[in-house]
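First the structure, in the form of C-alpha cells, and then the observations on it.
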Amino acid sequence: MKKNLYIICICSFIAVGFHLYLSSRSYSLSADKIGKSNICHINNSLNCDNVLASNYSELANIPLSNWGFATHLLIALLSLALLIGWAEKPALLWVSLSSLSLISALASLVMMGISAFVLHVFCPFCIILYLLSFVIFVCTLFSAKFFISIPSLKEARLFLPSVFLVLVLISFISHLIFTNTYNIQSVKKTVKLNMMDWRSSPVKSTEEQALLTTGPPKEKTLITITEFADFLCSYCRNSYYILKILKSTQPQMRIEYFSFPLDECKSKKASCTLTKAVYCAEKQNKGWGMHDLIFDNQKQFVHLTDNQKAISLLKKLSQDLPLKWDQWAECIKSPAALEFTKKQMKAGKDVNITGTPSLFVNGKRVNNRYFTKTLSAIRHHLEKQNPK
35 MKKNLYIICI CSFIAVGFHL YLSSRSYSLS ADKIGKSNIC HINNSLNCDN VLASNYSELA
95 NIPLSNWGFA THLLIALLSL ALLIGWAEKP ALLWVSLSSL SLISALASLV MMGISAFVLH
155 VFCPFCIILY LLSFVIFVCT LFSAKFFISI PSLKEARLFL PSVFLVLVLI SFISHLIFTN
215 TYNIQSVKKT VKLNMMDWRS SPVKSTEEQA LLTTGPPKEK TLITITEFAD FLCSYCRNSY
275 YILKILKSTQ PQMRIEYFSF PLDECKSKKA SCTLTKAVYC AEKQNKGWGM HDLIFDNQKQ
335 FVHLTDNQKA ISLLKKLSQD LPLKWDQWAE CIKSPAALEF TKKQMKAGKD VNITGTPSLF
395 VNGKRVNNRY FTKTLSAIRH HLEKQNPK
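Read in order, the letters of the sequence shown correspond to residues 35 to 422 in my numbering.
Right, dumping it as C-alpha cells:
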C-alpha cells in the first residue's frame with residue numbers, strides 16, 4: 035500500500051514541475067517572449083509551443099497547465115498526508131485522491147484525442163504528463179478500494195466541494211502570479227490600443243505577388259496575415275517564430291510573406307541573394323523550408339558580403355531539402371529572380387513600408403508588439419461581425 039502512495043506522491047511532484055514549465059511557456063507566448071527554440075520542441079509534430087498556442091489550451095481563460103498544476107499539487111499533498119499519517123479520516127482523503135486522479139486521467143485522454151485528431155501535433159512534456167496521470171490513477175485505483183466504503187462516500191459529498199474549491203483557488207492564484215510576472219496586464223492595455231489603431235487604419239494593398247503563401251485563398255478565409263520582412267533583420271526573426279507557430283496552429287488563416295531587403299539591393303549584404311534563393315526554392319515547392327532555414331541560422335548570414343559564400347552556406351545548410359541544386363543555382367543567377375526581388379521591394383513601397391517587420395491583417399497595419407494577442411482580439415472582433 036505504501037509503495038503505491040510513494041509512487042503517487044513522486045509522480046505528482048514530477049507532474050507539478052512539468053506543469054510549471056508549461057505554464058511559464060504559455061505566458062511567454064502570450065507576451066510574445068519567444069526564443070529560437072525550447073527544450074520541448076523536437077520537430078513540427080512534437081512541439082509544445084504549437085499545442086500551447088492552440089485554441090484548446092485554456093479553460094476559463096486560464097492555461098490548462100495551471101489547472102494541471104493545481105490538480106497534481108493537491109494529489110501530491112493528499113498522498114503525502116496519507117504517507118505521514120496526518121489524516122484523521124483517511125477514507126476522505128482517498129475519495130478526494132481518487133476523484134482528482136480520475137479527473138486528471140480523463141482530461142489526459144481528451145487532450146490526447148485533440149492532439150491526435152484535431153491539432154495533429156503533440157507536446158512531448160504533455161505526453162509525459164499523460165503517462166504520469168495514468169500511473170497515478172492506476173495506483174490510486176488499486177489502493178483506494180481498501181479504504182473507501184459507502185459511508186465514506188456519503189461523508190465525502192460534503193468534503194469534496196471544498197477540495198475542488200481549493201483546486202480552483204490554486205489555479206486562479208497561479209494565474210495571477212504568472213500574469214504579474216509576465217506583465218500580462220500591460221499586454222492587455224497594449225492589445226487594446228493596437229486593436230483601436232487597427233480598426234482605424236486604412237486598407238493597403240499591392241498587385242505584386244507574395245514570395246510565399248500558406249492557407250486558404252483570401253476569399254475563403256476570415257483572416258489574412260501579410261508580413262514584410264528582411265531576412266537579415268533581427269526583429270524579423272522574432273516575428274518569424276510567432277508566425278511559424280500560427281502557421282502550424284491556425285491553418286484556417288492565410289499567411290503571405292513578402293521579402294523587403296532594407297538595403298534595396300544596393301549593398302553587399304546577402305538580403306537580396308537570400309530572397310532569390312527562397313524564390314528559386316519555391317519554384318520547387320520548397321520555399322517555406324528555405325525561409326525557415328534562413329531565419330533559424332540568421333546569425334551565419336548577417337556578416338556575409340560575398341553572395342557566392344551565402345549561396346554555398348545555404349546549400350550546406352539545406353541538405354535535408356530535396357532540391358535540384360543545379361536548377362536552383364541557375365535560377366538564382368537568372369534575370370527572373372532579380373526581377374521578382376525588385377517587385378518584392380515595390381510591393382513594400384506600395385503599402386508604405388519603412389521598416390521591418392511590418393505586419394498587416396486583412397490589409398490593415400498592425401502594431402508588432404504583442405502580435406499574438408492582438409491577432410486573437412482581431413479574430414474575435416471579426417467573428418462577431420461575421421457569425422456563421
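Glycine included, C-beta positions come from ideal geometry on N, C-alpha and C.
According to DSSP, residues forming a beta bridge with residue i
i: serine 22; result: Residue 22 is absent from the structure shown; the chain starts at 35 and stops at 422.
i: glutamate 92; result: Pro97
i: asparagine 81; result: His75
C-beta atoms of residue i and residue j nearer than 8 Å
i: lysine 238; j: asparagine 386; result: yes
i: asparagine 217; j: valine 400; result: no
i: phenylalanine 292; j: phenylalanine 265; result: no
i: leucine 134; j: isoleucine 109; result: yes
i: tyrosine 404; j: threonine 224; result: yes
i: serine 196; j: alanine 104; result: no
i: phenylalanine 159; j: tyrosine 61; result: no
i: isoleucine 14; j: threonine 248; result: The structure shown has nothing for residue 14, since the chain only spans 35 to 422.
i: phenylalanine 151; j: serine 79; result: no
i: leucine 166; j: cysteine 43; result: no
i: valine 375; j: cysteine 267; result: Here residue 375 turns out to be threonine, not valine, going by the sequence shown. No.
i: isoleucine 96; j: phenylalanine 198; result: no
i: cysteine 173; j: isoleucine 328; result: no
i: lysine 317; j: cysteine 270; result: no
i: tryptophan 362; j: alanine 304; result: no
i: serine 149; j: valine 85; result: yes
i: leucine 63; j: alanine 94; result: no
i: serine 113; j: leucine 39; result: yes
i: phenylalanine 335; j: leucine 308; result: yes
i: serine 132; j: serine 99; result: no
i: isoleucine 204; j: leucine 111; result: no
i: methionine 324; j: serine 352; result: yes
Distance, residue j Cα to residue i Cα
i: glutamine 219; j: alanine 65; result: 10 Å
i: aspartate 354; j: lysine 302; result: 28 Å
i: lysine 276; j: proline 285; result: A small fix is needed here, since residue 276 is isoleucine in this sequence, not lysine. About 14 Å.
i: lysine 67; j: leucine 126; result: 43 Å
i: threonine 255; j: isoleucine 48; result: 42 Å
i: valine 395; j: lysine 252; result: 11 Å
i: glycine 321; j: serine 138; result: 42 Å
i: alanine 244; j: glutamine 378; result: 7 Å
i: glutamate 241; j: threonine 258; result: 15 Å
i: asparagine 77; j: lysine 358; result: 24 Å
i: lysine 380; j: lysine 300; result: 15 Å
i: leucine 338; j: isoleucine 170; result: 55 Å
i: alanine 115; j: alanine 121; result: 6 Å
i: asparagine 81; j: histidine 75; result: 4 Å
i: tyrosine 164; j: methionine 146; result: 8 Å
i: serine 177; j: threonine 215; result: 40 Å
i: lysine 350; j: leucine 372; result: 23 Å
i: phenylalanine 420; j: glycine 51; result: Looking at the sequence provided, one finds asparagine at residue 420 rather than phenylalanine. Distance between the alpha carbons of asparagine 420 and glycine 51 is about 42 Å.
i: valine 312; j: proline 356; result: 14 Å
i: leucine 246; j: arginine 413; result: 22 Å
i: lysine 398; j: lysine 188; result: 60 Å
i: lysine 407; j: aspartate 326; result: 23 Å
i: methionine 35; j: leucine 201; result: 26 Å
i: threonine 283; j: histidine 154; result: 9 Å
i: serine 273; j: aspartate 340; result: 27 Å
i: phenylalanine 294; j: glycine 382; result: 6 Å
i: arginine 191; j: lysine 123; result: 14 Å
For residue i, the three-state DSSP class (helix, strand or coil)
i: glutamate 298; result: coil
i: serine 392; result: strand
i: histidine 75; result: strand
i: lysine 67; result: coil
i: lysine 398; result: strand
i: arginine 288; result: strand
i: methionine 35; result: coil
i: glutamine 334; result: helix
i: glutamine 353; result: coil
i: arginine 413; result: helix
i: aspartate 384; result: helix
i: threonine 339; result: coil
i: arginine 59; result: helix
i: serine 346; result: helix
i: tyrosine 313; result: helix
i: alanine 87; result: coil
i: proline 369; result: helix
i: asparagine 319; result: coil
i: alanine 49; result: helix
Contact test: residue i Cβ vs the ligand ZN heavy atom, cutoff 7 Å
i: leucine 416; result: Looking for the ligand ZN in the displayed structure turns up nothing, as the structure carries no ligands at all.
Check your understanding: Which runs of the beta strand (DSSP E), 3 residues or longer, sit entirely within the region 102-185?
Key -> Taking only runs of at least 3 residues, no beta strand (DSSP E) segment lies wholly in the region 102-185.
Practice item. With a floor of 4 residues, list each alpha helix (DSSP H) that falls wholly inside the region 209-270, ordered by position along the chain. Key: 218-234
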